[in-house]
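S.K.: Residue numbers (our numbering), protein chains in the order written: chain A, 319 to 568; chain B, 176 to 280.
What follows is a single structure, and I will ask about it in a moment.
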């Protein structure tokens, strides 16, 4: 029988307690997706994670050097997902993507080798994410990835590794204005290259996303409430990708 | 005319519009359905197409959300699942819509 599961990456930094975000993320995955979970982390972060029940852990030393708004950002190990995943079919989810539904389960019941979403939906109604149109190629959101283990997908990840090594060259070539390394850009470039420059298969929905200028004021097992511009809004039973990382104390 | 009252009404209308838009997006996400290893959208277009094709063909081909051709061999089962998912999503949307209507009154 083919195995399936969720792969998460979590590394604390001196600025952000990502392990707190992981704890919420895992709770929701267990409640709504009910599939096996593997967390890729380091010992320093692992020691702070509260007991979360049955979960697999894989330990690596995260690659350093990337920053976001001047702060350390340990996000450059996503290209290792293929090697690190113990599953035949893997769903890689950013830990700031909260699964308040079982919608992602549908993806496991498919035969696609590799799926990624290419649009995000701004929950504040401002269409914030329609601005990423400078580049010569379509962008993707590597927040959620589905892949199967086979030769074709191995080549996708090999291409991701190659582009990561020559990131500066490729971002210039594709007119991607990026001061740091983003997995969204890495995967967008790799998929463009390995798929013969003619497009690839995508998830047929937009990622519901809360922009980083929204202050998250409450997270429950059903939904999330946020404040923007002195107005409080909420969604329930809808997946949410939270860009403001100051959510660990909510 | 109380300008504060008008602004309050305007803010409320905006809140309702955004919440309605989010609820509709939620319904769209929920309409994604895996069948025979492919993804489909349980929307009116797919439902009508399957229903129409099934009238004259035992098996037929339709395109999935990534434009891959998929053979449908059990149209009744597929149509049943499409309708179920479509109505589940719209029922939830309707419940949300009712709360917006009450808020706006």
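Just so it is clear, CB atoms sit at the ideal spot from N, CA and C, and this is done for glycine as well.
When DSSP labels each residue in this structure, what does residue 387 (chain A) get in the three-state scheme?
M.R.: Counting from one through the first chain, the residue named residue 387 (chain A) turns up at place 69. The answer is coil: DSSP assigns residue 387 (chain A) none of H, G, I, E or B.
S.K.: So with CB distances below 7 Å, who are the chain D contacts of residue 240 (chain B)?
M.R.: In the structure shown, chain D does not exist; the protein chains are A and B.
S.K.: Would you kindly report the start and end of the unbroken beta strand (DSSP E) that includes residue 549 (chain A)?
M.R.: For the purposes of this step, residue 549 (chain A) is taken as the residue at position 231 of the first chain. Unbroken beta strand (DSSP E) run through residue 549 (chain A): 549-554.
S.K.: Compare the Cα-Cα distances from residue 463 (chain A) to each of A:563, A:442 and A:434 and report the closest residue.
M.R.: By one-based count along the first chain, residue 463 (chain A) stands at place 145. For the residues A:563, A:442 and A:434, the minimum Cα distance to residue 463 (chain A) belongs to A:434.
S.K.: I'd like to check one pair, residue 221 (chain B) with residue 234 (chain B): are the Cβ atoms closer than 7 Å?
M.R.: Taking the first residue of the second chain as position 1, residue 234 (chain B) is located at position 59. Taking the first residue of the second chain as position 1, residue 221 (chain B) is located at position 46. Not closer than 7 Å, so no.
S.K.: Mind checking which residues open and close the alpha helix (DSSP H) that includes residue 400 (chain A)?
M.R.: Translated into positions along the first chain, residue 400 (chain A) becomes position 82. Where residue 400 (chain A) is concerned, the enclosing alpha helix (DSSP H) stretches over 399-402.
S.K.: Which of helix, strand or coil does DSSP assign to residue 325 (chain A)?
M.R.: Here residue 325 (chain A) refers to the residue found at position 7 of the first chain. Strand.
S.K.: Measuring only the C-alpha atoms, how far is residue 482 (chain A) from residue 497 (chain A)?
M.R.: One-based indexing of the first chain puts residue 482 (chain A) at position 164. One-based indexing of the first chain puts residue 497 (chain A) at position 179. Rounded to whole angstroms, residue 482 (chain A) to residue 497 (chain A) spans 14 Å at the Cα level.
S.K.: Given that residue 269 (chain B) touches chain A, what residues does it touch there, using C-beta distances under 9 Å?
M.R.: Stepping through the second chain from its first residue, residue 269 (chain B) is reached at position 94. Within 9 Å Cβ-Cβ: nothing; residue 269 (chain B) doesn't reach chain A, min ~14 Å.
S.K.: Residue 209 (chain B) and residue 427 (chain A): beta carbons closer than 7 Å?
M.R.: Stepping through the second chain from its first residue, residue 209 (chain B) is reached at position 34. Stepping through the first chain from its first residue, residue 427 (chain A) is reached at position 109. Yes, the Cβ-Cβ distance between residue 209 (chain B) and residue 427 (chain A) is below 7 Å.
S.K.: Quick one: is residue 477 (chain A) near chain B, going by C-beta distance under 7 Å?
M.R.: Walking along the first chain from the start, residue 477 (chain A) turns up at place 159. No - not a single Cβ of chain B is within 7 Å of the one on residue 477 (chain A).
S.K.: On the three-state DSSP scale, how would you describe residue 433 (chain A)?
M.R.: Within the first chain, the letter at position 115 stands for residue 433 (chain A). Correct three-state label for residue 433 (chain A): strand.
S.K.: In chain B, which residues lie less than 7 Å from residue 415 (chain A) when you measure between Cβ atoms?
M.R.: Within the first chain, the letter at position 97 stands for residue 415 (chain A). Within chain B, no residue comes near residue 415 (chain A); the closest Cβ sits about 13 Å away, beyond 7 Å.
S.K.: Going by DSSP, which residues form a beta bridge with residue 534 (chain A)?
M.R.: The sequence position of residue 534 (chain A) within the first chain is 216, counting from 1. BP columns for residue 534 (chain A) point to A:544.
S.K.: I want to verify the contact list: residues of chain A whose CB lies under 8 Å from the CB of residue 216 (chain B), in sequence order.
M.R.: On the second chain, residue 216 (chain B) is found 41 positions in, with the first residue counted as 1. Those within 8 Å of residue 216 (chain B) in chain A are 522.
S.K.: What is the DSSP secondary structure of residue 515 (chain A), counted as helix, strand or coil?
M.R.: Numbered from its first residue, the first chain carries residue 515 (chain A) at position 197. If DSSP states are grouped into helix, strand and coil, residue 515 (chain A) belongs with coil.
S.K.: Please state whether the Cβ-Cβ distance between residue 420 (chain A) and residue 350 (chain A) is less than 7 Å.
M.R.: Reading the first chain from its first residue, position 102 is the one you call residue 420 (chain A). Reading the first chain from its first residue, position 32 is the one you call residue 350 (chain A). Yes.
S.K.: So, for residue 453 (chain A): in the same chain, excluding its five sequence neighbours on each side, which residues have a beta-carbon less than 7 Å away from its beta-carbon?
M.R.: Taking the first residue of the first chain as position 1, residue 453 (chain A) is located at position 135. These residues qualify, in order along the chain: 492, 493 and 494.
S.K.: Can you name the start and end residues of the beta strand (DSSP E) that residue 559 (chain A) belongs to?
M.R.: If you number the first chain from 1, residue 559 (chain A) lands on position 241. Where residue 559 (chain A) is concerned, the enclosing beta strand (DSSP E) stretches over 558-560.
S.K.: Would you list, in chain order, the members of the segment 205-235 of chain B that have their beta-carbon closer than 7 Å to a beta-carbon of chain A?
M.R.: Within the segment 205-235 of chain B, the qualifying residues are 205, 207, 208, 209, 212, 213, 214 and 216.
S.K.: In the structure shown, what three-state DSSP assignment does residue 266 (chain B) receive?
M.R.: Position 91 of the second chain, counted from the first residue, corresponds to residue 266 (chain B). It is helical.
S.K.: If you measure beta-carbon to beta-carbon, which residues of the segment 418-432 of chain A are closer than 9 Å to chain B?
M.R.: Cβ contacts with chain B: 419, 421, 423, 424, 425, 426, 427, 428, 429 and 430.
S.K.: Scan the segment 545-560 of chain A for residues whose Cβ lies nearer than 8 Å to a Cβ of chain B and list them as they occur along the chain.
M.R.: Listed by position, the residues of the segment 545-560 of chain A near chain B (Cβ gap below 8 Å) are 549, 551, 553, 555, 556 and 557.
S.K.: Could you tell me the alpha carbon to alpha carbon distance between residue 416 (chain A) and residue 226 (chain B), rounded to whole angstroms?
M.R.: What you label residue 416 (chain A) is simply residue 98 of the first chain in a count that begins at 1. What you label residue 226 (chain B) is simply residue 51 of the second chain in a count that begins at 1. Rounded to whole angstroms, residue 416 (chain A) to residue 226 (chain B) spans 36 Å at the Cα level.
S.K.: Strictly under 7 Å for the Cβ-Cβ distance: is residue 441 (chain A) near chain B by that measure?
M.R.: Your numbering for residue 441 (chain A) matches position 123 in the first chain. With 7 Å as the cut-off, residue 441 (chain A) counts as an interface residue toward chain B.
S.K.: Which residues share a DSSP beta bridge with residue 212 (chain B)?
M.R.: For the purposes of this step, residue 212 (chain B) is taken as the residue at position 37 of the second chain. In the DSSP output, where bridge partners are listed per residue, residue 212 (chain B) has A:428.
S.K.: Listing by chain order, which chain B residues have their CB less than 8 Å from the CB of residue 456 (chain A)?
M.R.: The sequence position of residue 456 (chain A) within the first chain is 138, counting from 1. Ordered by position in chain B, no residue passes the 8 Å Cβ test against residue 456 (chain A), which lies about 14 Å from the chain.
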